[in-house]
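From first to last, the protein sequence lines stand for chains A, B and C.
With this note's numbering, letter number 164 in the first sequence gets 164, and the count goes up by one each step, no holes.
With this note's numbering, letter number 78 in the second sequence gets 1078, and the count goes up by one each step, no holes.
With this note's numbering, letter number 13 in the third sequence gets 2013, and the count goes up by one each step, no holes.
In this text, a Cβ means the ideal position worked out from N, Cα and C, and glycines have one as well.
Nothing here was measured: the structure is a model prediction, and the numbers come from that model.
The next block holds one structure in the form of C-alpha cells; read it before the comments.
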Amino acid sequence: MSNSINIIKAIFVKDIINELRSKQTFASMVVLSIIIAWIFRLASSGVESAMAAAVIMVSVVFSSILCCERSFVVEHDEGCIDGLLSASADRGNIYIGKLLFNVTMLCIFDCVMVPVVCVCFNLTPAGNLLKLIVILLLVNIGVSAVGTLLGSIVMSIKSRSSVLSILIMALIMPMMIPAISGLLMVFSAGADGGMFSAGQSFSEIAGMMAAYDAIFVTVCWLVFGFTVD
Amino acid sequence: MRVTVLIISFVLMIASGVIAFTKGAIEPVVRNIVYIHVPASICSLVCFGGLFVFSIMYLIKKKPVFDYLGAASAEVAFVFATVLNITGMIFAKAEWGLWWTPSMRLISSAILWFLAAAYLILRSSFNEQGNKANLCAVFGIIAFVDVPFVYISARLMRDIHRPSFSFDSSWQSAALGLAIVATIMLASALIWMRADIEKLNKRLN
Amino acid sequence: MAEENLKKNNSAALEAENISKSFANKDVLRGISFKVEAGDGVCVYGSNASGKTTLLRILAGILQAKDGTVKIGGWDIKKSAEKALPMIGVISHGTMTYPQLTVEENLKFFADIYNLSDKKERVTEVIDEMNLSKFRYDVVSSLSRGTRQRLAIGRAVLHRPKVILADEPFTGLDSKSKQKFIDIINKFKKAGGALVLTSHHVELAGKCCEKIVVLDGGKFVAEANIGDDDVRRFCEDHSTSTKEKI
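Rendered as C-alpha cells:
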C-alpha cells in the first residue's frame, strides 16, 4: 500500500517537474481557451450566462484532450513507459499517478480560464463561488478519468489527436448535461435555463456528477492495465 | 442456423406489418413509424449490452471470436441507433414541427449514436494491429458504462417525448411485440454473420 | 521455507519456458524456451519481425505472454512479480529517460519507482560508476547520444538487477560508445549478472555473449555457442539472404 503511494507520488511529482520545465502543455491549453472565449464573445451581445457556461465546458474538454494526450506522449517518446512497466507490476498505479497530474493541470488551468471567461462575458459568480468550484472540480475529475484512459488507448494510433477528441467527447456527454445546468445555476444566481426541467436542486446535480466520477475512476483504473499490455 | 433465424425474423416482421396495417393502424398515419422506432431503440440497447459482454469476455478469455462478436455488435448497434434517430426525427417533425430539440430521450438516443460511431472510428484508425483488440474491448466496456449515465443525466432536460404509447387495441400491442422480437432476432443474425465475415477476413490476410 | 530459498538460489538467472504470444489474433511467438545462467550472456538473433523484441518485452514483464512461464532467479514473473521484477534491468534503443529532467532527477525517479532503501547513495554511486558526475545537473535533452546511453545503462542497473535485457543496444552508437557499453556489460557479468540481448550484429554481440538463440518467424530455430564457425557462417548467409529479399 505505502509502496503504491510512493510510486503514484513519484509519477505525479515527475510529471509536474516535467511540465514546469517545458510549460508546453499548459501554454497551449490557456491560449486555446482564450481563443475559444473570444470567438464565442464575438457571437454574443453582452451578459450571457448560457453562453459562458458553454464556453467553460468547451474549454475544459478541449484542454483536457491536449493534457491527457501530452501526459502519455511524454512516456512513449523515449520508451519510458517500458521502464515503468518493467519496474512495477501494478499498472493501476500509473493510471492514478497520471490521473492526479491531469486533474491538477485542469484545476490550475481553470484558475486562469474561468476569470478570462467571466471578464469576457461580464459575469460575477461571486455569490456562488463555492458551487462553481465544486462543479469545476467534479468536471475535472470526470474528464480526466476518461481522458487518462483514452490517452493511453490512442497511443498506438498515428492520428491520435483527432481520434482522442472524438472518443473523449462521446464519453463525456453525460457529464456535460449536469455540468452545464449547474453552471447556469451559478451564473444566473439560481434561475433556471430554458430547456432544463425546473426543480433540480444543486445537490442533486453535484451528486450525479460525483457518481459519474466515482464509477469512471474505478472502471478506468481496473481496465487500464489492458491498454498497455 | 443463422439463416433460419434471419428467415424467421423476416416472417415475424411481415406478420407484424400486416397486423399493424390491417387491425392495428394508428391515426394519423405518420404515427405508425412507432412500429420501427420502438424496436430500433430497444435493439440498439441490446446490441450495446452485447458489446459490453463480448468485450469483457475477450479481455478474460483472449479468444479472437469475442473480438469479432464485439465489433459486430457495435456495427449493428450503430445501424439501429441510426434508424432510431432518423425515425425519431421524422416523427418529431410530424408531431411537434421540429426535427430536433434538446430533450431527454432525443439527447440520450443521440449520445447512443455518438458512442457507437466513436467505437467504429477507434476500430478503423489503427495502422498496426498490435493490441487493437484489447484497446477496442476496453473502449467497448467504458462506452457501455456510459449508457446508464446518459439516461440519468438526460432526466435533467425537459421532456417533450411521450413516455409510452397508449394503445387503443391489443392488436397494436401484438404488432409492436412481434416487431420487437423480430428486430432482436434480426440483430442477432446480423451480429452472427458480421462476426463470421470478420473471421474469414482475418483468415484471408 | 529455507528449502525453497535454497532451491531459488540454485535456479537459473532466467528461465523461459514455452513462451507464446499473439498480436491481433496472429501468432508472433510460438513455444520459445531457453535458459540463462548467472554470469552468462545470450544473444537473441533473428531478422526483422522474427519476434525478438516481443520476446524481450515479455521477459521484461512489459507484455504478458499468452502461454508459458518466465522465471527470474526462480520467481515466476506473473505470480510473484514483486520479487521477480526488481531483478530485471531493461535497456532499449529508446533511452527510457525523460528529456526535460536532469540526470539526477531521472535516476531519482526510477529509484522511487523501485522503492530502493538507499536512494541518495545509490544514485550517486551509479552516477560515479557511469562517469556522469560532470552532467549530474544537466537536463538529458542537452546530452550527447553516447552520454544518454550511459545514463540508460545506469538507469537499468540502478536497482542492482541480476539480469539485464537489452533490445538492440548498439543502434545509433559510435564505435567508442559501443566499446564502452561492452566494457560495462562485461563488468556486470563478471559480478554474477546475466545478460540477454537482441541484435543482428553477431560480431558485436560475440564480445559480451557466449550463446546465441536464433529465431525465425516467431519460432525457435537453433541454440549454439556464439564463437562457432557454423554460427558465423549461418548468420552471414542469413543476413545476405534477408537483404536480398528486401
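- Within the model, the alpha-carbon separation for C:E2037 versus C:S2020 is close to 22 Å.
- Shown here, A:I7 sits in a helix according to DSSP, grouped into three states.
- Residue burial is scored here from C-beta neighbours: B:M1157 has at least 16 other C-beta atoms within 10 angstroms and is therefore classed as buried.
- Here the C-alpha atom of B:W1099 lies approximately 19 Å from the C-alpha atom of B:F1080.
- Under DSSP, the beta-bridge partners assigned to C:Y2045 are C:V2214.
- Collapsing the DSSP output to three states places A:M176 in a helix.
- Following the DSSP letters along the chain, one finds C:R2148 in no beta strand (DSSP E) but inside the alpha helix (DSSP H) bounded by residues 2145–2157.
- If you compare the alpha carbons of A:F216, A:L184, A:A214, A:N102 with that of A:L129, the shortest gap goes to A:L184.
- Per DSSP, C:V2090 is one residue of the beta strand (DSSP E) stretching across 2088–2091.
- If you look at B:E1128, you'll find it isn't in any alpha helix (DSSP H); DSSP assigns it neither H nor E.
- By the neighbour-count definition (other C-beta atoms within 10 Å, threshold 16), A:N140 is a buried residue.
- DSSP places A:D90 outside both helix and strand once states are collapsed to three, so it counts as coil.
- Between A:M173 and chain B, the shortest Cβ-Cβ separation is below 7 Å.
- Of the candidates A:P174, A:D110, A:C68, A:A54, A:D110 places its Cα closest to the Cα of A:V31.
- Non-local beta-carbon contacts of B:L1190 in its own chain, meaning distances under 6 Å to residues more than five positions away in sequence, involve V1076 in chain order.
- By the Cβ criterion, the stretch 165–173 of chain A is in contact with the stretch 1111–1131 of chain B, since at least three pairs of Cβ atoms, one from each stretch, lie closer than 8 Å.
- Between A:N18 and chain C, the shortest Cβ-Cβ separation is below 7 Å.
- In this chain, the alpha helix (DSSP H) harbouring C:D2183 covers 2175–2190.
- B:F1126 and C:L2204 have their alpha carbons spaced roughly 36 Å apart.
- Contact between C:R2155 and C:L2107 holds: their C-beta atoms lie close to 6 Å from each other, under 8 Å.
- DSSP places C:S2080 in no beta strand (DSSP E); its state is neither H nor E.
- CA-to-CA, the gap between C:K2052 and B:K1199 works out to about 28 Å.
- Contact between A:M57 and A:A179 is confirmed by a C-beta separation of about 6 Å, below the 8 Å threshold.
- B:I1042 and B:V1034 do not touch by the CB rule: their CB atoms are close to 12 Å apart, not below 8 Å.
- In terms of Cβ geometry, A:S63 and A:N102 do not form a close pair [threshold 7 Å].
- Under the Cβ distance rule, A:A170 counts among the residues neighbouring chain B, one pair being separated by less than 7 Å.
- With respect to B:T1087, B:I1036 sits close: the two C-beta atoms are nearer than 7 Å.
- Interface flag for B:A1118 against chain A is set, since a Cβ pair is found closer than 7 Å.
- Interface annotation, C:A2060: in contact with chain A, CB-CB separation under 7 Å.
- For C:D2067, DSSP records a beta bridge to C:S2020.
- Taking a C-beta distance under 7 Å as the contact criterion, C:T2198 and C:H2093 do not qualify as a contact pair.
- Rounded to the nearest angstrom, the gap between the Cα atoms of B:D1067 and A:D229 is 16 Å.
- In the three-state reduction of the DSSP assignment, A:I157 falls in the coil class.
- Out of B:S1124, B:S1173, B:F1144, the CA that lies nearest to the CA of A:F216 is found in B:F1144.
- The contact set of A:L149 on chain B, defined by CB atoms closer than 8 Å, consists of V1138, I1142 in chain order.
- Exclusion of the five residues before and after A:A52 leaves V117, F121, L123, F187 as the residues of its chain whose Cβ lies within less than 7 Å of its Cβ.
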